[in-house]
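*Asks:* The numbering of the sequence shown is the numbering used here, which starts it at 675 and goes up by one.
Would you mind keeping the following structure in view while I ask a few things?
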Amino acid sequence: MERSNLALLLALLFFFAKDISAQVNRYVVYFPDKKDSPYSVEQPGDYLSQKAIDRRVKSGYQITEEDFPVNPNYLDSLVKYNAKPYYTSRWFNAAIVQVDQGIIDELEGKSFTAGVEYVAPGIQYSENPSAPNTSYVANDPSGSGTSAPQLNMISVNSMHDDGYTGEGLWVAVLDAGFSGANESAVFKDLFEEGRIIDTEDFVSRGKDVFKYVDHGTKVLSCLAANYNDQVVGAGYGVSVSLYVTGDDEQFSDEFRIEEFNWVLAAEKADSAGVDIISSSLGYNTFEDPSMDYTTAQLDGNTAVVTIGAEKASERGILVVSSAGNSGNDPWELVTFPADGSNVLSVGGVDLSKNRSSFSSLGPTADNRIKPDVSALATGTVVVSGSGSIVQNNGTSFSCPLITGLAAGLWQAMPALTNLELKDLIINSASQANNPDNSLGYGIPNYNVAVGKVLSVRQENPANLSIFPNPVSGDRVQLKSSVMSESQDMVIQIYNTYGMVVVSEQRHEANLSEGIEIDLTGLTKGLYILSIIGQGNYNGIKLLKF
C-alpha cells in the first residue's frame, strides 16, 4: 500500500513538473542586425506606403535600415525551432513568439538571436484570427447631455464653424476595445462614408475590434462622433484606424506585452501613412513586479512604449497621449508614454478649468514640464458601448479632444510638421507663458493658435468682406461698405507661413462695387488677405475647403 502511494506521488510530481516545463508563455526574441536584408533604402516602397514616405520627407526624417522589416532569414530560423513568429517589430528588430520554456532555452545563445525577453504568461494568440467585423446598425443613443462644453473650452466650435473637422487627416486610435461602436448612430458617418480604414486586434490576433470593453468606444466618441449637434467629436471629419492593444478588460493585471502591442500598432500606423496616433493608455506597474518601472525612469527614453512613441514621432506622426489618472495614487506622476519629449501629453480639468484631482502630474525624471496641455476630463460627455450618452472621468477623454483639435488645425495648416503643430498647440494654451506641472501649458485654444500662425492684425477698419467665405470654388468677391472711391491698389493673399501666394495689381478699383479675385491654384487651407493702396488693410481671414 505504501509503495503504491509512493508510486502515485512520484507519477503526480512527474506530471506537474512536465506541465510546468511545458508552460506556454509569450516572449520577445531580438535579432542581432538587419544584414543581408532583401530591403533597401533606395526602394522604400517595398515596405512603406507612399503616404508614409511623404511624411518622412516632410518631417526631414531619413529612411534607415531601422525601417526595414525583420530579415526573413531570421524568422525562418525561428520556425525551424518550432517558434512561430506571430508578430514582428521593425523598430525593435524582434519577433513575438508563444512557446514553452524548453524552446526558449534552445533559442538563447543562438547566433541568430540577440536576446529573449519574457513579456506575458499563457496562450493568447489565436491560430484562427478573427475576420473584419463589417456589421453595422445605426441605433440612436439614449440619455441626455451635450458635448458642447468640452468643445467650446478649446474653441473647437469656432474651428468647426471655419470648416475644419479634421477631414483628410488619418488617426490611429489605440485602446483596449471598441465594444458597441458598430451599433451606434453617433458613428454613422464613419461607417457609411468608409472612414474606418483599418482595424486590428493585436491582443488575440484578428480584425474584429468591436468587442472586449467599450473604453475605446467612449474615446472614439470624443474624437469622431457626429449626432444631431448633441454629441459631436472634436475632429468628427477624420478617418480612423482602430487598434486593440490593451490586454485586459478591467485595465489591471497588465504585462509588458501591452507595450509591445502598442509598438506594433504604431509601426502599422506608420507604414500605412497615418498622421496622428491617439492613445488613451498608460503604463507604469504590472502584475509581474519584475516588469515594473520606477518614477526615476520617466526620462522619455526608457520604457518600451515611450521609445515606440518617440520613434513614431521621429517619422512625422503626431503622438497624442493621455497623461494618466495617477494624481491621487502613490505614483502620482504621468505614466508612459506621456513622458516622451515629442509626445503631446494631455492632462485633465473640470468645467471650472481646475485640474481634475486624478490627473497625473509632472515633472519627468529629467525635469521637463508634463503634462503638455489639458482639456475636460471631469464629466466629459461620451457614448458608451451600450449606446448611452453619459458623463465619464479620465484623461482618456481629454486626450481625443486634443487629438481632434490637432486634426482640425492640421487640416487648416497642412504645411506644418508634427512637431510644429505640437508647438503651436502648446503655445496657444492658457498658461503658455507660465506653465506648471499641474496643467502643463494650460488649455489650448483654436482661435489663439490661428492668430499666432497668421501673426497679423485682425482689425478691419475698411469693413472689408469676402464672399463666399469659406469658399470651395476658385472665385470670391471682395467688397467694402465704406471705401466708395476708386483707387489703385495691390491685393495680396498670404499662406500661413507668410508667403505671398496671390498678388494682383488693380487700377482704379472700386471696392464698394466689389472686386472678383481668382483663387485658381490655391489648395485647401487658411489664408490672409491684405490690401496695399491709399490705406493698407491686413488680417482678413479667407478659408478654402
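Virtual Cβ for every residue (Gly too), placed ideally from N, Cα, C.
Along the beta strand (DSSP E) that carries Ser995, what are the first and last residues, could you check?
*Replies:* On the sequence shown, residue 995 is found 321 positions in, with the first residue counted as 1. Per DSSP, Ser995 belongs to the beta strand (DSSP E) from Leu992 to Ser996.
*Asks:* What number of angstroms, rounded off, separates the C-alpha of Gln775 from the C-alpha of Val845?
*Replies:* Here residue 775 refers to the residue found at position 101 when the sequence shown is read from its first residue. Here residue 845 refers to the residue found at position 171 when the sequence shown is read from its first residue. The alpha-carbon atoms of Gln775 and Val845 are separated by roughly 39 Å.
*Asks:* If you draw a straight line from the alpha carbon of Gly911 to that of Glu933, how long is it in whole angstroms?
*Replies:* The count along the sequence shown starts at 1 and reaches residue 911 at position 237. The count along the sequence shown starts at 1 and reaches residue 933 at position 259. Gly911 and Glu933: Cα-Cα distance of roughly 29 Å.
*Asks:* According to DSSP, is Leu1203 part of a helix, a strand, or is it coil?
*Replies:* The count along the sequence shown starts at 1 and reaches residue 1203 at position 529. Here Leu1203 sits in strand by DSSP.
*Asks:* Can you tell me which of Asp741, Ser953, Ser1026 and Phe929 puts its alpha carbon nearest to the alpha carbon of Ser964?
*Replies:* The residue you call residue 964 lines up with position 290 of the sequence shown. The shortest Cα separation from Ser964 among Asp741, Ser953, Ser1026 and Phe929 belongs to Phe929.
*Asks:* How should Thr653 be labelled, buried or exposed, when 16 other C-beta atoms within 10 angstroms of its C-beta is the threshold for buried?
*Replies:* Since the first and last residues shown for the chain are 675 and 1219, residue 653 lies out of range.
*Asks:* Opposite Glu1190 in the DSSP bridges: which residues?
*Replies:* Residue 1190 sits at position 516 when you count from the first residue of the sequence shown. Glu1190 is bridged to Gln1151.
*Asks:* Just to confirm my understanding: we take Ser913, look at its own chain, exclude 5 residues before and 5 after, and list those with CB closer than 6 Å. What are they?
*Replies:* As a working mapping, residue 913 is identified with position 239 in the sequence shown. Only Trp844, Arg869 and Ile871 meet the Cβ criterion.
*Asks:* So which of Val1127, Ser1102 and Ala1051 has the shortest CA-CA distance to Thr1069?
*Replies:* The residue you call residue 1069 lines up with position 395 of the sequence shown. Here the closest residue by C-alpha is Ala1051.
*Asks:* So what does DSSP say about Pro795, is it helix, strand or coil?
*Replies:* Here residue 795 refers to the residue found at position 121 when the sequence shown is read from its first residue. Strand.
*Asks:* Pull up the CB-CB distance for Ile622 and Asp944, whole angstroms please, since I reckon it's below 8 Å.
*Replies:* Past the boundaries of the shown model lies residue 622; the chain is included only from 675 to 1219, so the question cannot be answered.
*Asks:* Quick one: give me the first and last residue of the beta strand (DSSP E) that Ile828 is part of.
*Replies:* Working through the sequence shown from its first residue, we reach residue 828 at position 154. Neither: Ile828 is in no beta strand (DSSP E) and is coded neither H nor E.
*Asks:* Which partner residues does Val643 have in the DSSP bridge list?
*Replies:* The chain is shown from 675 up to 1219; residue 643 falls before or after that span and cannot be answered.
*Asks:* Leaving out the 5 sequence neighbours to the left and right, which residues in its chain are closer than 6 Å to Phe1010 when beta-carbon positions are compared?
*Replies:* Working through the sequence shown from its first residue, we reach residue 1010 at position 336. Excluding sequence neighbours, Phe1010 sits near Tyr957, Ala977, Val979 and Thr980.
*Asks:* Would you call the stretch 837-857 and the stretch 1081-1095 in contact, with 3 or more CB pairs under 8 Å?
*Replies:* Flag = yes, the stretch 837-857 and the stretch 1081-1095 touch.
*Asks:* I'd like to check one pair, Ile1165 with Val1175: are the Cβ atoms closer than 7 Å?
*Replies:* Taking the sequence shown and counting its residues from 1, the one referred to as residue 1175 is at position 501. Taking the sequence shown and counting its residues from 1, the one referred to as residue 1165 is at position 491. Taking 7 Å as the Cβ cut-off, Val1175 and Ile1165 do not qualify as a contacting pair.
*Asks:* Under the three-state reduction of DSSP, which class applies to Leu1095: helix, strand or coil?
*Replies:* Mapped onto the sequence shown, residue 1095 falls at position 421. Looking at Leu1095 - three-state DSSP - the assignment turns out to be helix.
*Asks:* Measure the alpha-carbon distance for Gly1125 versus Val993 and round it to whole angstroms.
*Replies:* Residue mapping note: residue 1125 aligns to position 451 of the sequence shown, counting from 1. Residue mapping note: residue 993 aligns to position 319 of the sequence shown, counting from 1. Straight-line Cα distance between these residues: approximately 24 Å.
*Asks:* Can you list, in chain order, the residues of its chain with a C-beta nearer than 6 Å to that of Phe780? Leave out the 5 residues immediately preceding and following it.
*Replies:* Position 106 of the sequence shown, counted from the start, is the residue given in the question as residue 780. According to the sequence shown, residue 780 is Glu rather than Phe. Within the same chain, Glu780 has close Cβ partners Tyr755.
*Asks:* When we look at the beta-carbon of Gln1132 and count the other beta-carbons within 10 Å, is it buried (16 or more) or exposed?
*Replies:* Position 458 of the sequence shown, counted from the start, is the residue given in the question as residue 1132. At Gln1132 the pLDDT is 43, less than 50, meaning the model places this residue with poor confidence; the figure from the coordinates comes in the next sentence. Under this definition Gln1132 is an exposed residue.
*Asks:* Using 7 Å as the threshold, is the C-beta distance between Ser829 and Tyr1120 below it?
*Replies:* Position 155 of the sequence shown, counted from the start, is the residue given in the question as residue 829. Position 446 of the sequence shown, counted from the start, is the residue given in the question as residue 1120. A contact, by the Cβ cut-off of 7 Å.
*Asks:* Could you spell out where the beta strand (DSSP E) holding Ser1160 opens and where it closes?
*Replies:* The residue labelled residue 1160 in the question sits at position 486 within the sequence shown. Note, Ser1160: premise wrong, no beta strand (DSSP E); not H, not E.
*Asks:* Just tell me which of Trp936, Gln971 and Leu1216 has its CA closest to the CA of Thr959.
*Replies:* Taking the first residue of the sequence shown as position 1, residue 959 is located at position 285. Nearest option by C-alpha distance: Gln971.
*Asks:* With a Cβ-Cβ cutoff of 7 Å, do Gly819 and Val1055 count as a contact?
*Replies:* In the sequence shown, the residue the question calls residue 819 occupies position 145. In the sequence shown, the residue the question calls residue 1055 occupies position 381. Yes, they are a contact pair.
*Asks:* What is the DSSP secondary structure of Val887, counted as helix, strand or coil?
*Replies:* Residue 887 sits at position 213 when you count from the first residue of the sequence shown. Val887 falls in the coil class under three-state DSSP.
*Asks:* Got a sec? Which residues, its chain only, sit under 6 Å from Ile1206 by beta carbon, not counting five neighbours each side?
*Replies:* Within the sequence shown, the letter at position 532 stands for residue 1206. Counting only Cβ-Cβ distances below 6 Å, and skipping sequence neighbours, we find Val1164.
*Asks:* By the three-class DSSP mapping on this structure, what secondary structure does Ile1076 have?
*Replies:* By 1-based counting over the sequence shown, the position of residue 1076 is 402. Residue state, collapsed to three classes: helix.
*Asks:* What residue does the alpha helix (DSSP H) around Arg729 start on, and which one ends it?
*Replies:* As a position in the sequence shown, residue 729 is number 55, starting the count at 1. Here the alpha helix (DSSP H) through Arg729 covers Gln724 to Ser733.
*Asks:* Taking the CB atoms as reference points, tell me whether Ile931 and Arg700 lie closer together than 7 Å.
*Replies:* Counting from one through the sequence shown, the residue named residue 931 turns up at place 257. Counting from one through the sequence shown, the residue named residue 700 turns up at place 26. Result yes, Cβ atoms of Ile931 and Arg700 sit closer than 7 Å.
*Asks:* Identify whether Pro1144 lies in helix, strand or coil by the three-state DSSP scheme.
*Replies:* Residue numbering aside, residue 1144 sits at position 470 when the sequence shown is read from its first letter. Pro1144: coil per DSSP, three-state reduction.
*Asks:* When DSSP labels each residue in this structure, what does Ser711 get in the three-state scheme?
*Replies:* Within the sequence shown, residue 711 is the residue found at index 37, counting from 1. In this structure, Ser711 counts as coil in the three-state DSSP scheme.
*Asks:* Using C-beta distances below 7 Å, list every residue in its chain close to Ala899, excluding the 5 sequence neighbours before and after it, in chain order.
*Replies:* Counted from its first residue, the sequence shown places residue 899 at position 225. If we look at Ala899 and ignore the five residues flanking it on each side, its Cβ neighbours are Val860, Phe861, Val905, Val906, Gly907, Tyr910 and Val1057.
*Asks:* Quick check on this structure: which residue in Val744, Asp1003, Leu1093 and Pro1045 has the alpha carbon closest to the alpha carbon of Tyr735?
*Replies:* Within the sequence shown, the letter at position 61 stands for residue 735. Tyr735 has its Cα closest to that of Leu1093, out of Val744, Asp1003, Leu1093 and Pro1045.
*Asks:* When you compare each of Asp1013, Ala939, Trp1005 and Glu1178 to Asn975 by their alpha carbons, which one comes out closest?
*Replies:* The count along the sequence shown starts at 1 and reaches residue 975 at position 301. Considering only alpha carbons, the answer is Asp1013.
*Asks:* Am I right that Ala986 and Pro1045 are in contact with their C-beta atoms under 8 Å? What's the rounded C-beta distance?
*Replies:* Position 312 of the sequence shown holds residue 986. Position 371 of the sequence shown holds residue 1045. Actually they do not touch by this definition, with Cβ atoms about 19 Å apart.
*Asks:* Between Met827 and Ala1049, which are expected to be in contact by the criterion C-beta below 8 Å, what is the C-beta distance as a whole number of angstroms?
*Replies:* Within the sequence shown, residue 827 is the residue found at index 153, counting from 1. Within the sequence shown, residue 1049 is the residue found at index 375, counting from 1. 7 Å between Cβ atoms; contact.
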